[in-house]
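Just add 6 to the spot in the sequence shown (first one is 1) and you have the working numbering. Glycine residues also receive a C-beta, built at the ideal position from the N, C-alpha and C atoms. Quick caveat: nothing in here was measured; it's all calculated off a predicted structure. These notes concern the structure reproduced below.
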Amino acid sequence: AKEYLLLSHARFRYTFGSMNDQLISRFLKEIPSSLAQKHDGSSWNNAQYHQFFSQWISPKKTEKNVEQKVIPATIEKQTNSTSTITNKKTVQWKKNQPISHPTFGLGIIKEIEHKNDNTVYLTAEFPVGLKKVKSTFVELL
């Protein structure tokens, strides 16, 4: 912590089953910008998070070494996610099928909606309530 310190805050948090906005701590606001780098990662994807933390956590290296280490991992993650999405498009969704969502947990499909661009939206009953999600965000169980 003498050399590096990571301070973060959540913009949203689930409280009693519902999503709520969170205020940034006044203590984080009081840190002068000359003493801390600030990064807004709210629109980053998984590959960008991976790249940021890999560079941040790893010991000081030359720029060339960092690029060689991080770029292949980024490409590999994107390749894996693309193949997963392709596989999910071929899935035949059915009512009352059990599914798993990374945020909402286990659920049961209640309605299936096909769009013109081959996108499928599922309305499912999760422990937090009824949610409409894109089919690429869930897995069949």
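Does residue i pass the burial test, meaning 16 or more other C-beta atoms within 10 Å, or should it be called exposed?
i: residue 105; result: buried
i: residue 115; result: buried
i: residue 130; result: buried
i: residue 29; result: exposed
i: residue 196; result: The shown model of the chain, from 7 to 147, leaves out residue 196, and the question about it has no answer.
i: residue 25; result: exposed
With a cut-off of 8 Å, does the C-beta of residue i fall near any C-beta of chain D?
i: residue 29; result: Among the protein chains of the structure shown there is no chain D, as only one such chain exists.
Just tell me which of the options has its CA closest to the CA of residue i.
i: residue 111; options: 31, 136 and 127; result: 136
i: residue 44; options: 52, 11, 28 and 18; result: 11
i: residue 127; options: 13, 134 and 99; result: 99
i: residue 32; options: 147, 144 and 13; result: 13
i: residue 144; options: 97, 62 and 23; result: 97
Going by the CB atoms, is the gap between residue j and residue i shorter than 8 Å?
i: residue 113; j: residue 120; result: no
i: residue 118; j: residue 138; result: no
i: residue 103; j: residue 146; result: yes
i: residue 48; j: residue 17; result: yes
Whole alpha helix (DSSP H) elements within the region 7 to 71, 4-residue minimum: Qualifying alpha helix (DSSP H) stretches, in chain order: 32 to 35 and 52 to 63.
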